[in-house]
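Taken in sequence, the protein lines are chains A and B. Quick note, this note's numbering runs 759 ahead of the 1-based positions in the first sequence. Quick note, this note's numbering runs 1136 ahead of the 1-based positions in the second sequence.
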Amino acid sequence: MGLRERILKREKRSMERYKEERETFEKVMGTPKINVSVELPKGYEDRREDFLDLEKEKSFLKDANRALGRVVKKHLKMKEKAEKEKTAESKDKQ
Amino acid sequence: MLDITSIVFIGIYLLTLLLASTETTSLSVAALIGAFLTVLFGLIYGALTPEEVIGFIDFRVILLLVGVMVTFEVIERSGLFRVLALYAIRYSKGDPKVLFFSLCFVSAAVSLFLSDVTAILLIAAAAGTIAKIMDYDPVPYFVSAAIMINLGGTSTLIGSTSNMIIGMASGLSFLDFLNFLAVCEIILWILTSITLYLLYKPRLGEKKPPPVYDPWGEIEDRKTVYKAGFIIALFLTLFLLYERWNVGPEIIALACAVIALVVVGVDAGSVFRQIDWETIFFIGSFFIIIGGLEKSGVLKTVSEAVLNVSHGNQFIAALLTLWSSAFLSAFVSNIAVALTYTPIIGMMHGMNSNMNYLWSALVLGTNLGGAATPVSGAVCILAIGALKEENVNLSFAEFSKAGVLTTIVQLAFATIYLILRFGM
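Have a look at this one:
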């Protein structure tokens, strides 16, 4: 292991702090994000290691982001619709 | 001719520097090994006594360091510096030139108070976020932030750990530091940021519509930020006045730490866990190694050699101190350099009543040499590490290009400044 790698490895803890700071700035300036945790589906208990590796696989993350994007849109639309209905109801009552 | 004790203590000193600079072990462990060997050899061969070993450690430096660390850990948690960075970015209005200069100055300003490590993690995170949003090359912003953070605080007693060591050894107060070096630091901020701008101009990107945001967006409790602002104001006021009350800066730092903990009301346990114990153990242990060298007469020999080389000429002595301490700080910890040079300069005190030019040269040398190469200081390596998190691999050579260039510009100016300021 070279000097560069050795030093960078030692600074791992600081990099965790960097990521936390980065997330805070991203929340203020960038696109907001939410974290969703996914459990190992039933019947796949013997694929534990493969399941955990998915977290680092770019193709999986891309698919998950796309699929979750659809779910997020669906739920945001549902919320918007519910809010509109609520507003309309309160107007009717008045 | 050196005796066996001196040769062994020199060997231990060099071994410690070798272990620390090659990252074979961490800084603190390298110094602990050196201190252990010094004590073991010194006690077995009767060169040192247990009382002498304890006496080598200047606990005033350690108390000052702890007081400053606690105070600014509390302030950092309030989000005050984050708000400052967000305002600096918003002020640029999407102009990369303005963004570059505002981040440079905020980096230097933030490092007046925060440790270099905390400051680079904060500024790099801000720079990384805006660079991604605006699709800018993050390298100019990260490297410049590291270099400016290293420079920030050169003219204050609490601006860097090496300054605290030099301040306590020389007896220079907070006001003395400002008196001798504030003008120099302000000009260095301007010179360094212009040098970096000229170097990175083609890589800064084009003006784009900036993101719209509220810098206070993530602040849940504005009162805490105001309290943090009050603590900074109080801290600076007390440091400007402490000489009048016949107390040391370490007492003021500890008082501010207590006030900060009480006023801001953060969890003290979690604040204490964030204290940089690595640096504290390093300093404590290195004091013992240097103490061994001092007791054996090695440092006196070096001190006399410096006087012989300079023939008592202030200019040559200051030049030697400035450039040699900067050169050494580029390769080994500038804390170790400060701890080594302070007793040497202290011994020259007896030969010349006014040594302020030498102390100032040492302050400038140890600070300015700290960002020449990636191994010069933690701030440089963390900037490279943060860039890696942004999927950018910055080579040691590429960092050194900016680091060496700015260090030479800074040292050249510092040389002129010392001549003009102290009339050499």
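Just so you know, even glycine gets a beta-carbon here, dropped at the ideal spot from N, CA and C.
Cβ-based neighbour list, residue i, same chain, cut-off 6 Å, excluding 5 preceding and 5 following
i	result
B:L1577	There is no way to answer for residue 1577 of chain B, as the model of chain B reaches only from 1137 to 1560.
B:G1539	A1507, A1508, T1509
B:L1184	G1178
B:E1188	none
A:E799	Just to set this straight, residue 799 of chain A is Leu in the shown sequence, not Glu. Same-chain partners within the cutoff: F810.
A:E848	none
B:L1332	S1280
B:V1144	F1177
B:V1394	none
B:E1321	T1290, S1291
B:A1514	V1253
B:F1310	L1293, F1375
Beta-carbon proximity list for residue i, same chain, < 8 Å, skipping 5 on both sides
i	result
B:A1391	G1203, L1374
B:V1407	V1206, E1209, V1210, R1213, L1397
B:T1415	L1163, S1164, L1201, T1297, I1471
B:T1478	I1301, I1302, A1305, S1306, L1498
A:F819	L813
B:V1399	K1363, F1366, I1367
Where residue i meets chain A, residues with beta-carbon distance less than 7 Å
i	result
B:L1518	E770, S773
B:I1269	M788, G789
Contact set between residue i and chain A, taken where Cβ atoms lie within less than 9 Å
i	result
B:Y1362	Those do not exist, as B:Y1362 stays about 19 Å from chain A at its closest Cβ, beyond 9 Å.
B:R1218	E780, T783, F784, V787
B:L1222	F784, V787, M788
Closest by C-alpha distance to residue i, when choosing among the options
i	options	result
B:I1517	B:N1286, B:E1386, B:L1547	B:N1286
B:A1548	B:L1458, B:P1479, B:F1467	B:L1458
B:L1293	B:V1279, B:N1315, B:Q1450	B:N1315
B:E1440	B:I1480, B:F1451, B:D1412	B:I1480
B:Y1272	B:L1308, B:R1339, B:L1222	B:R1339
B:L1500	B:G1521, B:R1380, B:L1464	B:L1464
B:L1248	B:A1305, B:L1155, B:N1503	B:N1503
B:L1429	B:T1161, B:G1170, B:L1370	B:G1170
B:I1330	B:Y1378, B:S1280, B:R1557	B:S1280
B:M1484	B:A1221, B:A1454, B:G1182	B:A1454
B:I1368	B:G1303, B:V1246, B:T1542	B:V1246
B:R1196	B:A1244, B:I1302, B:V1400, B:G1559	B:I1302
B:L1498	B:A1305, B:A1244, B:L1153, B:A1282	B:A1305
A:I793	A:K845, A:K843, A:G828	A:G828
B:F1558	B:A1519, B:N1490, B:L1335	B:N1490
A:R772	B:T1543, B:A1522, B:Q1546	B:A1522
B:T1290	B:I1259, B:A1244, B:A1156, B:A1519	B:A1244
B:D1412	B:I1198, B:V1473, B:G1482, B:I1520	B:I1198
B:L1334	B:T1158, B:V1545, B:L1556	B:V1545
B:N1299	B:E1525, B:K1524, B:V1473, B:T1542	B:V1473
B:E1159	B:M1560, B:T1543, B:V1511, B:L1372	B:V1511
B:G1427	B:V1175, B:F1192, B:L1138	B:F1192
B:L1151	B:S1238, B:L1435, B:I1425	B:I1425
B:I1225	B:L1154, B:K1337, B:D1350	B:D1350
Residues near residue i by beta carbon distance below 7 Å, same chain, minus five either side
i	result
B:V1361	S1214, G1215, L1216, V1219, I1355
B:S1432	T1141, S1142, F1145, A1183
B:D1194	M1304, F1423
B:R1380	none
Contacts of residue i in chain A (Cβ-Cβ under 8 Å)
i	result
B:P1347	M788, G789
B:E1525	M774, Y777, K778, R781
beta-carbon residue i near the ligand COA non-hydrogen atom, thresh 7 Å
i	result
B:A1519	In terms of ligand content, the structure shown is empty, and the ligand COA therefore cannot be addressed.
ask   = For the stretch 775-791 of chain A, which residues have a beta carbon sitting closer than 9 Å to at least one beta carbon of chain B?
value = For chain B, the residues of the stretch 775-791 of chain A that bring a beta carbon within less than 9 Å of one of its beta carbons are R776, Y777, K778, E779, E780, R781, E782, T783, F784, E785, K786, V787, M788, G789, T790, in chain order.
query = Which of the residues in the stretch 1238-1265 of chain B, read from start to end, lie with their CB under 7 Å from any CB of chain A?
reply = Taking 7 Å as the upper bound on Cβ-Cβ separation, chain A lies near residues V1253, L1257, L1258, A1260, A1261, A1262, G1264, T1265 of the stretch 1238-1265 of chain B.
ask   = Just checking, does the stretch 1274-1282 of chain B make contact with the stretch 1526-1545 of chain B on the three C-beta pairs under 8 Å criterion?
value = A contact exists between the stretch 1274-1282 of chain B and the stretch 1526-1545 of chain B.
message = Measuring CB atoms only, is the stretch 1229-1245 of chain B touching the stretch 1328-1346 of chain B, in the sense that at least three cross pairs come out at less than 8 Å?
response = Yes, the stretch 1229-1245 of chain B touches the stretch 1328-1346 of chain B.
query = the stretch 1350-1380 of chain B: which residues have C-beta closer than 8 Å to a C-beta of chain A, in chain order?
reply = Within the stretch 1350-1380 of chain B, D1350, P1351, G1353, E1354 place their CB atoms closer than 8 Å to a CB of chain A, listed in sequence order.
query = Does the count of Cβ pairs from the stretch 1419-1437 of chain B and the stretch 1249-1262 of chain B closer than 8 Å reach three?
reply = Counting Cβ pairs under 8 Å, fewer than three are found: no touch.
key: Segment contact flag, the stretch 786-798 of chain A with the stretch 1520-1535 of chain B, C-beta cutoff 8 Å, min 3 pairs   = Contact between the stretch 786-798 of chain A and the stretch 1520-1535 of chain B is absent: fewer than three C-beta pairs spanning the two stretches fall below 8 Å.
message = Does the contact criterion of 3 or more C-beta pairs under 8 Å hold for the stretch 1441-1453 of chain B versus the stretch 835-845 of chain A?
response = No, the stretch 1441-1453 of chain B does not touch the stretch 835-845 of chain A.
query = Are three or more beta carbon pairs between the stretch 1549-1556 of chain B and the stretch 1464-1473 of chain B nearer than 8 Å?
reply = By the criterion of at least three beta-carbon pairs nearer than 8 Å, the stretch 1549-1556 of chain B is not in contact with the stretch 1464-1473 of chain B.
inquiry  = Assess contact between the stretch 1321-1332 of chain B and the stretch 1257-1270 of chain B, defined as three or more Cβ pairs (one per stretch) separated by less than 8 Å. Is contact present?
reply    = Contact between the stretch 1321-1332 of chain B and the stretch 1257-1270 of chain B is absent, because fewer than three Cβ pairs lie under 8 Å.
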